[in-house]
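Below: one structure, written as structure tokens.
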Amino acid sequence: MSILEDIQGKSPTDLKAKYKKLLTYDKINKQYSISNVNTVESYTFDNVLKRWVPNAIENEERKEAEKVENKNGTDISKIVDGKRKVEEDEETEKSELKRMRRERRFELKKQKQEERERARKQNKCVYVTGLPSDATAEEIQKTFERCGLIDKDLKTGERKIKLYKDADGSNKGDGLIQYYKAESCDLAIEMLNGTPLRPSESNKSDKLTVSKAIFEGKKESKPKDTKKEKTHTPIRFKEKKKMERTRKELDAKLADWSDSENEDSTEKRMTETERQSVVILKPCFTLKLLNDDPEAAKFIQQDIKQGCEELGKVSWVRLYDGESDGVVAVKFESYLGANSCLQKMNGRYYGGHKLEAVKWDGVQEYKSR
249 MSILEDIQGK SPTDLKAKYK KLLTYDKINK QYSISNVNTV ESYTFDNVLK
299 RWVPNAIENE ERKEAEKVEN KNGTDISKIV DGKRKVEEDE ETEKSELKRM
349 RRERRFELKK QKQEERERAR KQNKCVYVTG LPSDATAEEI QKTFERCGLI
399 DKDLKTGERK IKLYKDADGS NKGDGLIQYY KAESCDLAIE MLNGTPLRPS
449 ESNKSDKLTV SKAIFEGKKE SKPKDTKKEK THTPIRFKEK KKMERTRKEL
499 DAKLADWSDS ENEDSTEKRM TETERQSVVI LKPCFTLKLL NDDPEAAKFI
549 QQDIKQGCEE LGKVSWVRLY DGESDGVVAV KFESYLGANS CLQKMNGRYY
599 GGHKLEAVKW DGVQEYKSR
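Per the numbering used here, numbering of the sequence shown is gapless, rising by one per residue and ending at 617.
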């Protein structure tokens, strides 16, 4: 029986032990091959097609086979014809494999291009109005980077913050901010829409309006003179390297932001974004209940965690037994879970008490005994 029936559809690492013994690895071509001397079979694993393809039969093996056949009185012409047929079949198979490889490479290339195009078309920008006339890009960056990493221009290294200006150069009060990840736009709208850029100087007219940026198609313009039109300047090697470094720096910074916080760390060390994921529930208990039943605190924590996990992934639940208001804090992994908790828990009854659910302000500290 041909070994191809057992190995086809499996990668070299997935083969049975008896076939792994027959494997050889070509370091130059970075390919695995398998040979069976008993059946004179030889196959190579094609890394592009992800399948085993037959190798050409060596000339020496063919000559040996011819000698054996001649000794047995077989017609040499039949052997020659058979050999020619095998060679023709091999050439046909080689051509077919080359065609399949070309098609597979084209498919992979097209798939990557489509993925890049989808990423490019993602809306990563927010449009902001209500900015003070003297607002600076640095001030805006400090506020809006609480919601996510602001993208950089790969050539200049500057943050992608655009402030619209009047003819005299003064700020018009609106601007465009591009984030590195599209998800940050939703968080910026959730956190900053309706809030002032400068809380200490705020009044009702100073509140920001933050929304997803909408890009309208440009109107059709008159055809340009192709002779005067500037040709596209190719990116130099040094510029390309600089752009790659900038992108790697952004990826590294984003990874640092994504590191999960240790459960024992205090609320003071949390970022603004993380604070928005903490919900304060009260009153969940009375001090008398905790004093009368030593197991009550543990039960309440577990019960609230179980209920909140239906709304989103929960990082931790803390019961502050030094607070007469019966405070319990719930930290969600995402602000979306925290928002769901606010909607579901606020006004509900727990242990005979009507709950108040609010987001932690990032300042107030709660006591534990």
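Note that the Cβ used here is the ideal one computed from N, Cα and C, for glycine as well.
For the candidate residues the options, whose alpha-carbon lies nearest to that of residue i?
| i | options | result |
| --- | --- | --- |
| T391 | K403, L402, I409 and K278 | I409 |
| Y597 | G585, Q612 and I552 | I552 |
| D434 | K372, K400, S418 and L411 | K372 |
| K202 | G405, T384 and Q389 | Nothing about residue 202 can be read from this structure; the chain reaches only from 249 to 617. |
| D454 | V288, G378, N419 and Y428 | G378 |
| K264 | D399, G423, K275 and I282 | I282 |
| G421 | E393, S448, R394 and L456 | L456 |
| P692 | Y273, S250 and E253 | This structure leaves residue 692 out entirely; the chain is present only between 249 and 617. |
| I425 | A415, T443, E406 and D416 | E406 |
| L411 | Y375, I251 and A430 | Y375 |
| N286 | N295, Q279, G257 and L270 | L270 |
| S459 | P447, E449 and A430 | A430 |
| K278 | F293, P531, K266 and S588 | F293 |
| L590 | G555, P380, S381 and D416 | G555 |
| D588 | E557, A577 and R446 | Inspection of the sequence shows that residue 588 is occupied by Ser rather than by Asp. The option with the nearest alpha carbon to S588 is E557. |
| D254 | K275, R446, R299 and I276 | R299 |
| P302 | T404, K275, S616 and E341 | E341 |
| D645 | M348, C532, V576 and N419 | Missing from the structure shown is residue 645; the chain here goes from 249 to 617 and no further. |
| V296 | E571, R352, P380 and A577 | R352 |
| S432 | L402, C395 and A415 | C395 |
Going by DSSP in three states, residue i sits in which element: helix, strand or coil?
| i | result |
| --- | --- |
| K269 | coil |
| Q389 | helix |
| C532 | coil |
| F580 | strand |
| Q303 | According to the sequence provided, residue 303 is Asn. The question's Gln does not apply to it. Coil at N303, not helix or strand. |
| F463 | coil |
| Y598 | strand |
| I552 | helix |
| I251 | coil |
| A605 | strand |
| K258 | coil |
| D294 | strand |
| L567 | strand |
With residue i and residue j assumed to form a contact (beta carbons below 8 Å), what rounded beta-carbon distance in angstroms separates them?
| i | j | result |
| --- | --- | --- |
| C528 | V606 | Position check: residue 528 holds Ile in this sequence, whereas Cys was assumed. Contact flag correct, Cβ pair sits at about 5 Å. |
| G585 | L559 | 6 Å |
| Q549 | V565 | 5 Å |
| I462 | Y428 | The pair is not a contact, with the Cβ atoms about 20 Å apart (cut-off 8 Å). |
| K561 | E581 | 4 Å |
| D569 | L538 | 5 Å |
| K530 | E604 | 6 Å |
Checklist entry - Contact between the stretch 357 to 366 and the stretch 438 to 452: three or more CB pairs below 8 Å? => result no
Checklist entry - Curious, which full-length beta strand (DSSP E) runs of at least 3 residues does the stretch 388 to 423 contain? => result 409 to 413
Item to check | Whole alpha helix (DSSP H) elements within the stretch 425 to 459, 4-residue minimum | outcome: 431 to 440
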